[in-house]
């Protein structure tokens, strides 16, 4: 329901968005989001069934380019900002399972 | 060298081409001003003095050899730190990218380099362009050059303050819901949000992709036209880039004739949230236009009353998706959790906890909610329908008038920390600027005068999509009428940084 997001909901959303947060932050977010949603939920007043949605202000369709190779970043450039790299690849922490 | 920084970009360009001033002298004068003004305004996150001087030397040499140069070659520019610059760190105002040095240039950066404009540095901004005050930066606040106890607006507050404080004659900003026009209004400068898709977004760190647009920030309408011309044009690297050729804007900006121009005034301009000082200045500018032969009509665009609400659902939804790329794996910050297993997922969550500021987190979570199953239709779906209704209202209005007018922001510059209690307080600043982003329309803000509190007031013009030229012909004419009445350029009234602060109170927003 509009205007109310519980801290449990916020905790779930934070987990979906991959943002670690403590109890105090979750409580503050729940309060802030409640205020914002309470205000903006009024979009429903005029968004009736017969109105189509607009996702893009000036829509383009079928944007193609010639299928020809163009210069790209070198491997070194692509890895230049990586927190960690090894053997010309991004090095990441353990991704499967937790032991 | 003080005098060089007081020139408009057009004046400086003509002194450069006549050989009266060299580009090295021009850049050095602005670097000197940056050194003087930065302790007061903090417009820049990074100053690139050596690079700017090197570019200036190259341009001076090429000019000496008699090479054909771009009209703005050698005129220095400041670039918002949301726009990537190869070899110069680009932070987006965030701890997440504090040390990130991009391996490529944005298309607009490449255009600026190609034309030979020395880049003075990267300007401060609300983190990832989220905010209307430039308080939400990991690199400290920017202060309004007119009154250092007030915000400069945002999110392009650094670019606006740099131009107002004579640190740069030209700056580049980005506008998602008013982030060029609102800081221009609060700092007494000129800012233009071009038609959506008419300036490439390639290499501009995305906030809300269906709303973001890059544009010029300057002290005069003619300078905005010249910089806009340089930035605009189709770019195959951006799949939302419009294929249409962009016309020249400098000729339009030289227009002085408003006879028969039909100006529609948004009825919301007379709403309760608009301060008396803003209303007075706005009305006086409309009266000038009417005396010069423009036809002024008030128009009701009722769907615009819902634009702010739709924006605060659509924008966070796009933010939650766009900012998912900051995961601590490929570039930017990586932070490990203090205890427990160091898995990729837990590293992402800790990286995003440490790397994002509060406003960014709030918008990501809000967007995640608005897009979640069960709420999607009620929130994001409804907001997209409002977007259709806003577009329809504008289309109807532009059947009757050539341009639309309103104040750019409901108040003059206000004090710091005013959104602490209720986030909606800050969001309301963008009530006049947001509709243009939802509909993709071009908009311009120029200073109409000074309110009773000694601070600048912004006047906004809107035009139909792809009719950016009208902003310059109407804006150029209005600027000239205002200058005639005033007896000089608006920006010249700021003789000393923070000067208005001594005359005005410190609570803000009259």
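Residue numbers (the working numbering), protein chains in the order written: chain A, 1 to 99; chain E, 1001 to 1510. All residues carry an ideal CB built from backbone N, CA and C; glycine is no exception.
Across the segment 1238-1252 of chain E, CB contacts with chain A closer than 9 Å involve 1239, 1240, 1241, 1242 and 1243, in sequence order along the chain. In chain order, 1103 make up the part of chain E whose C-beta sits under 7 Å from the C-beta of residue 77 (chain A). Assignment of residue 1099 (chain E) by DSSP, reduced to helix, strand and coil, places it in the coil class. Per the coordinates, the alpha-carbon of residue 1374 (chain E) lies some 15 Å from the alpha-carbon of residue 1313 (chain E). For residue 1382 (chain E), at least one C-beta of chain A is nearer than 8 Å to its own C-beta. Counting along the chain, the unbroken beta strand (DSSP E) around residue 1078 (chain E) starts and ends at 1077-1080. Between residue 1119 (chain E) and residue 1112 (chain E), the gap from beta carbon to beta carbon is short of 8 Å. Here residue 1223 (chain E) is buried: its Cβ has 16 or more other Cβ atoms, across all protein chains shown, within 10 Å. Here residue 1172 (chain E) has 1077, 1078, 1079, 1080, 1083, 1108, 1112, 1159, 1214, 1215, 1216, 1217, 1227 and 1231 as same chain residues with Cβ atoms under 8 Å from its own Cβ, once five neighbours each way along the sequence are excluded.
Residue 67 (chain A) counts as exposed, since fewer than 16 other C-beta atoms from the protein chains shown sit within 10 angstroms of its C-beta.
A Cβ-Cβ contact shorter than 8 Å links residue 1037 (chain E) with residue 1167 (chain E). The C-alpha of residue 1179 (chain E) is placed about 13 Å away from the C-alpha of residue 1135 (chain E). Sorting E:1403, E:1458 and E:1434 by C-alpha distance to the C-alpha of residue 1473 (chain E) places E:1403 at the top.
In the structure shown, residue 1418 (chain E) falls within a coil segment according to DSSP collapsed to helix, strand and coil.
Shown in chain order are the members of the segment 18-43 of chain A whose Cβ falls below 7 Å from a Cβ of chain E: 18, 19, 20, 21, 29, 32, 33, 35, 36, 39, 40, 42 and 43. Note on residue 95 (chain A): under 16 other CB atoms within 10 angstroms of its CB, so exposed under the neighbour-count rule. Ranking E:1281, E:1148, E:1334 and E:1347 by CA distance to the CA of residue 1500 (chain E) puts E:1148 first. Nearest CB-CB separation between residue 1492 (chain E) and chain A: not below the 8 Å threshold.
At a beta-carbon threshold of 7 Å, the residues of chain A lying near residue 1387 (chain E) are 54, ordered along the chain. Restricting attention to E:1025, E:1039 and E:1376, the CA atom closest to the CA of residue 1056 (chain E) is found in E:1025. In this structure, residue 34 (chain A) and residue 4 (chain A) form a Cβ contact; the two beta carbons are roughly 6 Å apart against a cut-off of 8 Å.
Listed in chain order, the beta strand (DSSP E) runs fully inside the segment 1425-1472 of chain E are 1443-1450 and 1456-1462, counting runs of at least 3 residues. Residue 82 (chain A) has a beta carbon lying within less than 8 Å of a beta carbon in chain E.
If you check the CB distance, residue 1423 (chain E) and residue 32 (chain A) come in under 8 Å. With fewer than three CB-CB distances shorter than 8 Å, the segment 1436-1450 of chain E does not count as touching the segment 1253-1263 of chain E. The C-alpha of residue 1127 (chain E) lies about 43 Å from the C-alpha of residue 1065 (chain E). Taken in chain order, the complete alpha helix (DSSP H) segments of 4 or more residues contained in the segment 1245-1303 of chain E are 1250-1253 and 1276-1291. Contacts with chain A (Cβ-Cβ distance below 7 Å) from the segment 1357-1372 of chain E involve 1361, 1362, 1364, 1365, 1366, 1368 and 1369, listed in chain order. The shortest C-alpha to C-alpha distance from residue 1497 (chain E) to any of E:1009, E:1004, E:1023 and E:1033 is the one to E:1033.
Residue 17 (chain A) has its alpha-carbon roughly 12 Å from the corresponding atom of residue 1371 (chain E). Taken atom to atom, the span from the alpha-carbon of residue 39 (chain A) to that of residue 45 (chain A) is near 12 Å. Here residue 1200 (chain E) is buried, its C-beta having at least 16 other C-beta atoms within 10 Å.
In the three-state scheme derived from DSSP, where H, G and I count as helix and E and B as strand, residue 1406 (chain E) is classed as strand. Taking 8 Å as the threshold, the shortest C-beta distance from residue 1424 (chain E) to chain A falls below it. CA-to-CA, the gap between residue 1040 (chain E) and residue 1145 (chain E) works out to about 8 Å. Here the segment 1321-1339 of chain E does not lie against the segment 55-67 of chain A, with fewer than 3 beta-carbon pairs under 8 Å apart.
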